[in-house]
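**Q** The listed protein sequences derive, respectively, from chains W and L.
In this text, residue positions in the first sequence follow the numbering used here: the first is 54, and each later residue adds one.
In this text, residue positions in the second sequence follow the numbering used here: the first is 6, and each later residue adds one.
For every residue, glycine included, the Cβ atom is placed at its ideal position computed from N, Cα and C.
Take this structure first; my questions come after.
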Amino acid sequence: MTDEEQLAPTVRESTLPGVGKKYVMPLGSGGNVAIVVRPDGERQMFHFLEEEDRPCDVVKLQRDEAQQVANLLGSPMVASPDLDKLELVLGALEIEWVALPEVSDLVGHSLADSRLRRRTGASVVAILRGETAIPNPEIDTVFEAGDTLLLIGSDAQTEAARRLIEGGEADSA
Amino acid sequence: MTPALQLGLIALALYLAAWGTNKLGISSIVGFMGIGVLLGPGGILPVFSGSDVIHLLAELGLLLLLFFMGLEFSIPRFLEGGRATLWAGVIDLANLVVGVALGGLLGFGWWGAAFLGAALYISSSGVIAKLVTERNLVAYPETERTLGVLVFEDLAMVVVLGGLGLATVGGDALQFLGVGLFLAAYVVLHRFGRPGLERLLSREGEALVLLLLALVLLVSLGAKSLGFPEAVAAFLLGMIVSESRFRRKVETSLASWHAVAAAVFFFDVGLHVDLQSAWRVLPLALLLLVVTTLAQLVTGFVAGRVSGLSARGSVGHALMLIPRGEFSLVIVGLAATAPMIVPDVREALYATVSWYVILSVVLGSIVFARYDAWSEQMGRWLRSPEARRRARERERELDAMRLD
Chain W
54 MTDEEQLAPT VRESTLPGVG KKYVMPLGSG GNVAIVVRPD GERQMFHFLE EEDRPCDVVK
114 LQRDEAQQVA NLLGSPMVAS PDLDKLELVL GALEIEWVAL PEVSDLVGHS LADSRLRRRT
174 GASVVAILRG ETAIPNPEID TVFEAGDTLL LIGSDAQTEA ARRLIEGGEA DSA
Chain L
6 MTPALQLGLI ALALYLAAWG TNKLGISSIV GFMGIGVLLG PGGILPVFSG SDVIHLLAEL
66 GLLLLLFFMG LEFSIPRFLE GGRATLWAGV IDLANLVVGV ALGGLLGFGW WGAAFLGAAL
126 YISSSGVIAK LVTERNLVAY PETERTLGVL VFEDLAMVVV LGGLGLATVG GDALQFLGVG
186 LFLAAYVVLH RFGRPGLERL LSREGEALVL LLLALVLLVS LGAKSLGFPE AVAAFLLGMI
246 VSESRFRRKV ETSLASWHAV AAAVFFFDVG LHVDLQSAWR VLPLALLLLV VTTLAQLVTG
306 FVAGRVSGLS ARGSVGHALM LIPRGEFSLV IVGLAATAPM IVPDVREALY ATVSWYVILS
366 VVLGSIVFAR YDAWSEQMGR WLRSPEARRR ARERERELDA MRLD
């Protein structure tokens, strides 16, 4: 990034007696944007094309709408670190789909019987059965062959759960 | 009718006027004056005749309106405008000359002509600021120039009104002394009263509102008792407060009072209009409107060009300055008490200028409603050959781009 890019664009401020304050910012793409702030908090945003002294468009914003627009315009700059952080947090979390083989020990047992959560630490958050989905299954839901389970947990937890479901006994965690 | 009932009906009438004009897409000021004309003592449905309630509201409206104008249109604002605004304001003074000349031609006498000239010269900051906001013209470059010229006019008017106010006192030495006393007190307050004023204005909420109401009313009425025009005193008080660091807070805490005061003021203007006698003064008011509007268009255009606006912007600047309002009415109100003007002339001045103000506000709101089209069209006719050439080139460039 060059020095020039780091400088904030210049804004010319002037008072409009009886009306409010006017801020004019020239745009790099030509023309400029003028924002008028009224004492009652209403904002008006005008777009002037290059070499025009008449705006081609105006947007009237109430105080709360102006706040929202400011949030939206500022979001790529303000919110991106937060998004990065979110990915970091999500990174420690594993969401996994595991199909239940017909030979699995779990078939015919209820979720409570399987003690899946106790033994592996992973939770079953949904079961896909044919065309239907069972979100947040009750503890008395009985597993059937062909079910697909949606598991959530840490890396190790979901891995342990997968081994348990797919056959081999694997108490861990 | 009890006073409370009257107040309720006035509020309802003004609300309906604002609602109706909003639906029709015209300025609410026209609605406030119109409903005053219709429901006033000289109107079609005379519900409101002169009463203590109306008198109180009108006086309160006028004083608050002028206090706010002092707050907004003050010397610091004027200095911000810089050299361009100063030139535009000086050229605009030609309208004062035209007005005085008209008064002379109409046989109003020296003093009558001076009052008429002042009343015809001054555009209405209140009306124009409102129209500019209603029509979304606030960001246009000519708006900044127009509001700057309005500050210039208002300051010039304080000087003129002070002078005319002194003149109306006549030969009475005691009253002369009173006006001198008020001006001296003002200068002392301006020079030494700042720390005390800042402490007073640092109040919050209803304390600030009540304090300001008391200040505005008592200072203006005090000035009046000393023989100084109360409206000008309210304006001067606004100017002092505008230099306070609490200016913003004062503005926002009284914002709704401001809007209501303006509505009531224009309603009262309408109340004073007698429809039956309109035919006698209307032709003269129309004549004045035509002449002064033409003069305003010429001077406004020249002032715009001199101060660096485009041809379109200069036409716009001239168009924006058409409406006359509160100050014109204050001036003829003052003239109505001036002993050196013949009673006949006094009456003619008041009736004619009232109609003149109404007509100019109506004309102004029509102009503002078609502002873009008219300023564009007239600007096209009046632009320089250089600008004409540049526009043609631009057109050609655009055509070429379309072919690609």
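1) Let's see if you can read the secondary structure: which residues bound the beta strand (DSSP E) around Thr68 (chain W)?
2) I'd like to know whether the C-beta of Leu136 (chain W) is nearer than 7 Å to at least one C-beta of chain L.
3) State whether the stretch 174 to 193 of chain L contacts the stretch 359 to 369 of chain L, with contact taken as three or more CB pairs (one from each stretch) at a distance under 8 Å.
4) According to the neighbour-count rule (16 or more other Cβ atoms, all chains shown, within 10 Å of its Cβ), is Lys113 (chain W) buried or exposed?
5) Rounded to a whole number of angstroms, what is the C-alpha to C-alpha distance between Leu71 (chain L) and Gly153 (chain L)?
6) Around the Cβ of Ser247 (chain L), are there at least 16 other Cβ atoms within 10 angstroms (buried) or fewer (exposed)?
7) Would a check of beta-carbon distances place Pro146 (chain L) closer than 7 Å to chain W?
8) Which one or two residues does DSSP pair with Pro188 (chain W) in a beta bridge?
9) Compare the C-beta of Asp93 (chain W) with all C-beta atoms of chain L and state if any pair is closer than 7 Å.
10) Got a sec, what are the start and stop residues for the beta strand (DSSP E) Gln11 (chain L) sits in?
11) If you pair each beta-carbon of the stretch 138 to 153 of chain L with each one of the stretch 347 to 354 of chain L, do three or more pairs fall below 8 Å?
12) Going by DSSP, what residue range makes up the alpha helix (DSSP H) through Ala323 (chain L)?
13) If Pro328 (chain L) and Ser128 (chain L) are in contact, beta carbons under 8 Å, what's the gap, nearest whole angstrom?
14) Between the stretch 77 to 102 of chain L and chain W, which residues of the former have CB atoms less than 7 Å from a CB of the latter, in chain order?
15) Please find out if some non-hydrogen atom of the ligand ADP comes closer than 6 Å to the beta-carbon of Tyr191 (chain L).
16) Which chain L residues are close to Ser67 (chain W), counting only those with a beta carbon under 8 Å from its beta carbon?
17) Where do the ends of the alpha helix (DSSP H) carrying Tyr126 (chain L) lie?
18) Among L:Leu291, L:Gly275, L:Ala392, which one has its Cα closest to the Cα of Ala22 (chain L)?
19) If you measure from the beta carbon of Asp208 (chain W) to each beta carbon in chain L, is any gap under 7 Å?
20) Using alpha carbons as the reference points, say which of L:Val335, L:Phe120, L:Leu293 lies closest to Val350 (chain L).
21) Listing by chain order, which chain W residues have their CB less than 7 Å from the CB of Asn141 (chain L)?
22) Closer than 8 Å, Cβ to any Cβ of chain W: which residues of the stretch 316 to 331 of chain L, in chain order?
23) Judging by CA-CA distance, which residue of L:Arg252, L:Arg395, L:His195 is the nearest neighbour of Leu217 (chain L)?
24) I need the DSSP call for Leu114 (chain W), collapsed to helix, strand or coil.
25) What number of angstroms, rounded off, separates the C-alpha of Phe306 (chain L) from the C-alpha of Phe197 (chain L)?
26) Check each candidate in W:Ala179, W:Tyr76, W:Arg91 and name the one with the smallest Cα separation from Phe101 (chain W).
27) At a Cβ cut of 7 Å, what residues of the stretch 246 to 257 of chain L count as close to chain W, listed as they run along the chain?
28) Hey, quick one: how far does the alpha helix (DSSP H) through Ile49 (chain L) stretch, first residue to last?
29) Nearest-angstrom Cα distance between Leu334 (chain L) and Phe270 (chain L)?
30) Verify whether the separation of the beta carbon atoms of Asp193 (chain W) and Arg182 (chain W) is less than 7 Å.
31) Can you tell me whether DSSP reads Leu203 (chain W) as helix, strand or coil?
32) Which whole runs of the alpha helix (DSSP H) in the stretch 162 to 245 of chain L are 4 residues long or more, in chain order?
33) Mark Met38 (chain L) as exposed unless 16 or more other C-beta atoms lie within 10 angstroms of its C-beta, in which case mark it buried.
34) Could you tell me which chain W residues have their CB closer than 9 Å to the CB of Ala260 (chain L), listed as they occur along the chain?
35) Out of L:Ala283, L:Gln281, L:Ser359, L:Trp379, which has the shortest C-alpha to C-alpha gap to Ala323 (chain L)?
36) Select from the stretch 183 to 198 of chain W all residues with a C-beta closer than 9 Å to any C-beta belonging to chain L, and list them in chain order.
**A** With the structure as the only source:
1) Position 15 of the first sequence, counted from the first residue, corresponds to residue 68 (chain W). Counting along the chain, the beta strand (DSSP E) containing Thr68 (chain W) begins and ends at 65 to 69.
2) For the purposes of this step, residue 136 (chain W) is taken as residue 83 along the first sequence, with counting starting at 1. Note that Leu136 (chain W) has pLDDT 48, beneath the 50 cutoff, so the model's placement of it is unreliable and the number below is only indicative. Taking Cβ atoms only, chain L never reaches closer than 7 Å to Leu136 (chain W), which makes this a no.
3) Segments in contact, no.
4) Indexing the first sequence from 1 puts residue 113 (chain W) at position 60. By the neighbour-count definition (other C-beta atoms within 10 Å, threshold 16), Lys113 (chain W) is an exposed residue.
5) Within the second sequence, residue 71 (chain L) is the residue found at index 66, counting from 1. Within the second sequence, residue 153 (chain L) is the residue found at index 148, counting from 1. The alpha-carbon separation between Leu71 (chain L) and Gly153 (chain L) amounts to approximately 17 Å.
6) Numbered from its first residue, the second sequence carries residue 247 (chain L) at position 242. With 16 or more neighbouring CB atoms inside 10 Å of its own CB, Ser247 (chain L) falls in the buried class.
7) Here residue 146 (chain L) refers to the residue found at position 141 when the second sequence is read from its first residue. True, the Cβ-Cβ gap to chain W drops below 7 Å.
8) Indexing the first sequence from 1 puts residue 188 (chain W) at position 135. Note: Pro188 (chain W) sits in a beta bridge opposite W:Ala179.
9) Residue 93 (chain W) sits at position 40 when you count from the first residue of the first sequence. At least one beta carbon of chain L lies nearer than 7 Å to the beta carbon of Asp93 (chain W).
10) Residue numbering aside, residue 11 (chain L) sits at position 6 when the second sequence is read from its first letter. Secondary structure note for Gln11 (chain L): it is in no beta strand (DSSP E), and the uninterrupted alpha helix (DSSP H) holding it is 8 to 29.
11) With the cut-off at 8 Å, the stretch 138 to 153 of chain L and the stretch 347 to 354 of chain L do not touch.
12) The sequence position of residue 323 (chain L) within the second sequence is 318, counting from 1. Per DSSP, Ala323 (chain L) belongs to the alpha helix (DSSP H) from 316 to 325.
13) Position 323 of the second sequence, counting from 1, holds the residue named residue 328 (chain L). Position 123 of the second sequence, counting from 1, holds the residue named residue 128 (chain L). That belief holds up - the Cβ atoms of Pro328 (chain L) and Ser128 (chain L) are roughly 6 Å apart, short of 8 Å.
14) Correct list: Glu77, Phe78, Arg82, Glu85.
15) Among the components modelled here there is no ligand, and therefore nothing to report on the ligand ADP.
16) As a working note, residue 67 (chain W) is residue 14 in the first sequence. Residues of chain L passing the Cβ test: Glu85, Glu149.
17) As a first step, residue 126 (chain L) is located in the second sequence; it is residue number 121 there, counting from the start. Per DSSP, Tyr126 (chain L) belongs to the alpha helix (DSSP H) from 114 to 126.
18) The residue labelled residue 22 (chain L) in the question sits at position 17 within the second sequence. When L:Leu291, L:Gly275, L:Ala392 are compared, the shortest CA-CA separation from Ala22 (chain L) is found for L:Gly275.
19) On the first sequence, residue 208 (chain W) is found 155 positions in, with the first residue counted as 1. With a threshold of 7 Å between beta carbons, Asp208 (chain W) makes no contact with chain L.
20) By 1-based counting over the second sequence, the position of residue 350 (chain L) is 345. The candidate whose alpha carbon is nearest that of Val350 (chain L) is L:Phe120.
21) For the purposes of this step, residue 141 (chain L) is taken as residue 136 along the second sequence, with counting starting at 1. Within chain W, the residues Gln97, Val111 have their CB atoms less than 7 Å from the CB of Asn141 (chain L), given in chain order.
22) Of all residues in the stretch 316 to 331 of chain L, Arg317, Gly318 have a Cβ within less than 8 Å of some Cβ in chain W.
23) In the second sequence, counting from the first residue as 1, residue 217 (chain L) sits at position 212. With distances taken between CA atoms, Leu217 (chain L) lies nearest to L:Arg252 out of L:Arg252, L:Arg395, L:His195.
24) Taking the first sequence and counting its residues from 1, one reaches residue 114 (chain W) at position 61. In the structure shown, Leu114 (chain W) sits in a strand (DSSP, three-state: E or B).
25) As a first step, residue 306 (chain L) must be located in the second sequence, where it is residue number 301. As a first step, residue 197 (chain L) must be located in the second sequence, where it is residue number 192. Using only the alpha carbons, I get a separation of about 42 Å.
26) Residue numbering aside, residue 101 (chain W) sits at position 48 when the first sequence is read from its first letter. The residue with the shortest Cα to Cα distance from Phe101 (chain W) is W:Tyr76.
27) Flagged, chain order: Glu256, Thr257.
28) As a first step, residue 49 (chain L) is located in the second sequence; it is residue number 44 there, counting from the start. In the DSSP assignment, Ile49 (chain L) falls outside any alpha helix (DSSP H), carrying neither H nor E.
29) Residue numbering aside, residue 334 (chain L) sits at position 329 when the second sequence is read from its first letter. Residue numbering aside, residue 270 (chain L) sits at position 265 when the second sequence is read from its first letter. Near 10 Å, if we compare the C-alpha coordinates of Phe270 (chain L) and Leu334 (chain L).
30) Taking the first sequence and counting its residues from 1, one reaches residue 193 (chain W) at position 140. Taking the first sequence and counting its residues from 1, one reaches residue 182 (chain W) at position 129. It is not a contact, given that the beta carbons lie outside the stated cut-off.
31) As a working note, residue 203 (chain W) is residue 150 in the first sequence. Reduced to three states, the DSSP call for Leu203 (chain W) is strand.
32) Secondary structure within the stretch 162 to 245 of chain L: the alpha helix (DSSP H) runs of 4 or more consecutive residues, fully enclosed, are 178 to 197, 199 to 206, 210 to 230 (chain order).
33) Reading the second sequence from its first residue, position 33 is the one you call residue 38 (chain L). Residue burial annotation: Met38 (chain L) is buried, with at least 16 other C-beta atoms found within 10 angstroms of its C-beta.
34) One-based indexing of the second sequence puts residue 260 (chain L) at position 255. Within chain W, the residues near Ala260 (chain L) are Pro92, Asp93.
35) Reading the second sequence from its first residue, position 318 is the one you call residue 323 (chain L). A check of alpha carbon separations from Ala323 (chain L) across L:Ala283, L:Gln281, L:Ser359, L:Trp379 identifies L:Trp379 as the nearest.
36) Within the stretch 183 to 198 of chain W, no residue qualifies.
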